[in-house]
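*Asks:* In my numbering, the protein residues as written are 1315 to 1737. Just so it is clear, CB atoms sit at the ideal spot from N, CA and C, and this is done for glycine as well. Quick one: the structure is below, and I'll ask about it shortly.
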Ligand SMILES: Nc1ncnc2c1ncn2[C@@H]1O[C@H](COP(=O)(O)OP(=O)(O)OP(=O)(O)O)[C@@H](O)[C@H]1O
Ligand SMILES: [Mg+2]
C-alpha cells in the first residue's frame, strides 16, 4: 500500500509518474528491488523506506488526471495511457491503444514530420521537451507541454514515456498579458509623443510671445530702439527655426550632441530675447562671471531654459522688479547635490527675481512635469521640467531657492569639462 507520496521536485512542468523520469539522461528501468528514486514521485512506506509494487505504479498513474501519461513502443505506437490522457484528449482506451501517437498532432505538424522528429531527439538525447498545439477528439486544439523520455532496457531502446499537460489556460493568460503589455507600451508611446508635442508648443509660445511683444512696440519706437526690437524679434524667430531643425534631427533619430559652448557668450548674444521675455515692467540685468564659462551643452536647450526661467519670473512679479541672470563657477558641497559630479567645479547659471517667492509645498513640486499654480490656459507646468531635463541631460542638476516674500532663484549647475576643472 502506498502510504505517503512525497514530491522530490516541485517543477510540475517536468515529467512525473512512477516509472517515468524527468532527469535528462535516458530512463533505465528500476531494479527489481523496487523503490525507484529516479522519478519525481517516490512511494514511501509508513516506515519511510521507499518501495513500490507494479500495482502501486498503476494506481499512481491512474490517479494523475492533470497529465496525460502514455507508454509508447519504439515506433511511437501507444501501448498504454492513464485517465489524465482520456480527460485531456477526450478519447477512450479503445480508440487510442494501438494507434500511433501522432494522431494527437495537428495535420500541419504531421506533414512536417514533427512526431518522428520528437522521438528521434528523445532517442538521441534521452529526453525531448516542447510546447505546442495538439488536437482533442472533438477537433478542438489545446496548448500542450510535452516531455518524451526514452526508455532503454539492456542497451536497447524499448519505447518512450510521454507526458502531456494541458497548459491552454496558462498559455492564453500569458498571451493576454503580452497583448496588454503591448497595448500599454503603445499608450505610453502616444503619451510620450503628446508630452513632447506639448513641450515643443510651449517653447514656440515663448518665442512667439517675444516676437509679438517686439512687434507691438515697434509702432511707437523710434531710431535705435526700433533696431533693438527688430533684432529681438529676429533672434526669437531664428531660435524657432533652430528648434524646428532640432525636432527634425530628433525625428530622424539623431541624438542631439551637446557641444562646448561659452555660456557667457551665448547669454550675451541672446540678451535682447531675455529682455523681451522679461516684459515691460521688469528690468533684466546680467551678472556674468569673469571666468572661462565653456561647458558641454546644447545651446538651444540652454536658451529655452533661460527663456522659461525669465518667463516664470515675469509671471510671478506683479509689481516692477528686477530679474538677474547670472553665471558663476562653484563646487557643489559634497553630499548636498547627489547629482553633481563629485569633486568637479560646476558652472552655475541662475535666474533670480525679487517677486513673491514660492510656498514650500509649491517649491518642492515646481519641477514636476505639468505642475502649475497658474490658471487653465495660462500655464502648462512644463517650464521648470524643461529646465530640470536640460540640466540633468547636461550632466548637472537644477535647484530652486525660494520662500514667500523672498523672491526666487533657480540655478542650473553644469559640470565644467575636466581640463578646466581648476578654473
Ligand atoms: N519665479 C517664480 N516665482 C514664483 N513661483 C514660481 C516661479 N517659477 C515657477 N514658479 C511656480 O512653479 C510653478 C511651475 O512652473 P513651471 O514653469 O514649471 O510651469 P508654469 O510656469 O506654471 O507653466 P508653463 O511654464 O508651462 O507655462 C508655477 O506655476 C509657479 O507656481
Ligand atoms: Mg513656466
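Does DSSP put residue 1429 in a helix, in a strand, or in coil?
*Replies:* Position 115 of the chain shown, counted from the start, is the residue given in the question as residue 1429. In this structure, residue 1429 counts as helix in the three-state DSSP scheme.
*Asks:* Going by other Cβ atoms of all chains shown within 10 Å of its Cβ, with 16 needed for buried, is residue 1491 buried or exposed?
*Replies:* If you number the chain shown from 1, residue 1491 lands on position 177. Under this definition residue 1491 is an exposed residue.
*Asks:* What did DSSP end up calling residue 1624 once you bin it into helix, strand or coil?
*Replies:* In the chain shown, the residue the question calls residue 1624 occupies position 310. Residue 1624: helix per DSSP, three-state reduction.
*Asks:* Measuring straight from C-alpha to C-alpha, what distance separates residue 1626 and residue 1603?
*Replies:* Taking the chain shown and counting its residues from 1, the one referred to as residue 1626 is at position 312. Taking the chain shown and counting its residues from 1, the one referred to as residue 1603 is at position 289. C-alpha separation (whole angstroms): 23 angstroms.
*Asks:* Along the alpha helix (DSSP H) that carries residue 1397, what are the first and last residues, could you check?
*Replies:* Here the question's residue 1397 lines up with position 83 in the chain shown. Unbroken alpha helix (DSSP H) run through residue 1397: 1397-1403.
*Asks:* Drop a sphere of 10 angstroms on the beta-carbon of residue 1429, count the other beta-carbons inside from all chains shown, and report buried for 16 or more, exposed for fewer.
*Replies:* The residue you call residue 1429 lines up with position 115 of the chain shown. That one is buried.
*Asks:* Return helix, strand or coil for residue 1558, following the three-state DSSP convention.
*Replies:* Walking along the chain shown from the start, residue 1558 turns up at place 244. In the structure shown, residue 1558 sits in a helix (DSSP, three-state: H, G or I).
*Asks:* Which term fits residue 1339, buried or exposed, when burial requires 16 or more other beta carbons within 10 angstroms of its beta carbon?
*Replies:* Translated into positions along the chain shown, residue 1339 becomes position 25. Reliability fails at residue 1339, whose pLDDT of 40 lies under 50, so the model's placement of it is uncertain and the value that follows must be treated cautiously. With fewer than 16 other Cβ atoms within 10 Å, it is exposed.
*Asks:* Indicate the three-state DSSP secondary structure (helix, strand or coil) for residue 1382 in the structure shown.
*Replies:* Residue numbering aside, residue 1382 sits at position 68 when the chain shown is read from its first letter. Three-state result, residue 1382: strand.
*Asks:* Between the Cα of residue 1512 and the Cα atoms of 1733, 1709, 1718 and 1683, which residue gives the shortest distance?
*Replies:* For the purposes of this step, residue 1512 is taken as the residue at position 198 of the chain shown. Minimum Cα distance to residue 1512 is reached at 1683.
*Asks:* For the putative contact between residue 1712 and residue 1701, defined by C-beta atoms under 8 angstroms, what is the C-beta separation to the nearest angstrom?
*Replies:* Here residue 1712 refers to the residue found at position 398 of the chain shown. Here residue 1701 refers to the residue found at position 387 of the chain shown. So it is a contact: roughly 5 angstroms between Cβ atoms.
*Asks:* Where do the ends of the beta strand (DSSP E) carrying residue 1419 lie?
*Replies:* Position 105 of the chain shown, counted from the start, is the residue given in the question as residue 1419. Per DSSP, residue 1419 belongs to no beta strand (DSSP E) and is neither H nor E.
*Asks:* Residue 1452 to residue 1458, Cα distance in whole Å?
*Replies:* Translated into positions along the chain shown, residue 1452 becomes position 138. Translated into positions along the chain shown, residue 1458 becomes position 144. Rounded to the nearest angstrom, the two C-alpha atoms are 16 angstroms apart.
*Asks:* Taking contact to mean 3 or more Cβ pairs, one atom from each stretch, closer than 8 angstroms, check whether the region 1547-1566 and the region 1521-1531 are in contact.
*Replies:* Contact between the region 1547-1566 and the region 1521-1531 is present, because at least three Cβ pairs lie under 8 angstroms.
*Asks:* When you measure from the CB of residue 1627 to every non-hydrogen atom of ligand 1, does any distance come out below 7 angstroms?
*Replies:* Taking the chain shown and counting its residues from 1, the one referred to as residue 1627 is at position 313. Yes, since a heavy atom of ligand 1 falls inside the 7 angstroms radius drawn around the Cβ of residue 1627.
*Asks:* Between which two residues does the alpha helix (DSSP H) carrying residue 1409 extend?
*Replies:* In the chain shown, residue 1409 corresponds to position 95, counting from 1. Looking at the DSSP string, the run of the alpha helix (DSSP H) that includes residue 1409 is 1407-1410.
*Asks:* Assign residue 1733 to buried or exposed, taking buried as 16 or more other Cβ atoms, counted over all protein chains shown, within 10 Å of its Cβ.
*Replies:* Working through the chain shown from its first residue, we reach residue 1733 at position 419. By the 16-neighbour rule on beta-carbons within 10 angstroms, residue 1733 is exposed.
*Asks:* Grab the span of the beta strand (DSSP E) containing residue 1459 for me, first residue to last.
*Replies:* As a working mapping, residue 1459 is identified with position 145 in the chain shown. That run of the beta strand (DSSP E) goes 1455-1467.
*Asks:* What are the boundary residues of the beta strand (DSSP E) that residue 1601 is part of?
*Replies:* As a first step, residue 1601 is located in the chain shown; it is residue number 287 there, counting from the start. Run containing residue 1601: 1596-1601, per the beta strand (DSSP E) assignment.
*Asks:* At the level of alpha carbons, what is the spacing between residue 1661 and residue 1580?
*Replies:* Taking the chain shown and counting its residues from 1, the one referred to as residue 1661 is at position 347. Taking the chain shown and counting its residues from 1, the one referred to as residue 1580 is at position 266. Spanning the two alpha carbons is a distance of roughly 14 angstroms.
*Asks:* According to the neighbour-count rule (16 or more other Cβ atoms, all chains shown, within 10 Å of its Cβ), is residue 1519 buried or exposed?
*Replies:* In the chain shown, the residue the question calls residue 1519 occupies position 205. Result: exposed.
*Asks:* Return the first residue and the last residue of the beta strand (DSSP E) that residue 1484 is part of.
*Replies:* Within the chain shown, residue 1484 is the residue found at index 170, counting from 1. No beta strand (DSSP E) holds residue 1484; the alpha helix (DSSP H) holding it covers 1482-1532.
*Asks:* Taking the continuous beta strand (DSSP E) assigned at residue 1712, which residues delimit it?
*Replies:* As a working note, residue 1712 is residue 398 in the chain shown. In this chain, the beta strand (DSSP E) harbouring residue 1712 covers 1711-1716.
*Asks:* With H, G and I counted as helix, E and B as strand and the rest as coil, what does DSSP make of residue 1388?
*Replies:* Here the question's residue 1388 lines up with position 74 in the chain shown. Three-state result, residue 1388: coil.
*Asks:* Could you spell out the range, first to last residue, of the alpha helix (DSSP H) harbouring residue 1448?
*Replies:* Taking the chain shown and counting its residues from 1, the one referred to as residue 1448 is at position 134. Careful: residue 1448 lies outside any alpha helix (DSSP H), inside the beta strand (DSSP E) at 1441-1449.
*Asks:* Using the DSSP secondary-structure output, state which residues sit across from residue 1665 in a beta bridge.
*Replies:* Counting from one through the chain shown, the residue named residue 1665 turns up at place 351. Paired residues: 1639 and 1724.
*Asks:* How is residue 1704 classed by DSSP in three states: helix, strand or coil?
*Replies:* Walking along the chain shown from the start, residue 1704 turns up at place 390. DSSP places residue 1704 in helix when its eight states are reduced to three.
*Asks:* According to DSSP, which residues form a beta bridge with residue 1394?
*Replies:* Counting from one through the chain shown, the residue named residue 1394 turns up at place 80. Partner(s): 1385.
*Asks:* Taking 7 angstroms as the line, does the beta carbon of residue 1557 fall inside it for any heavy atom of ligand 1?
*Replies:* Position 243 of the chain shown, counted from the start, is the residue given in the question as residue 1557. False, no ligand heavy atom lies under 7 angstroms from that Cβ.
*Asks:* By Cβ distance, which residues of its chain are closer than 8 angstroms to residue 1689, with the 5 residues on each side in sequence left out?
*Replies:* One-based indexing of the chain shown puts residue 1689 at position 375. Once the five neighbours on either side are set aside, residue 1689 has no close Cβ partner at all.
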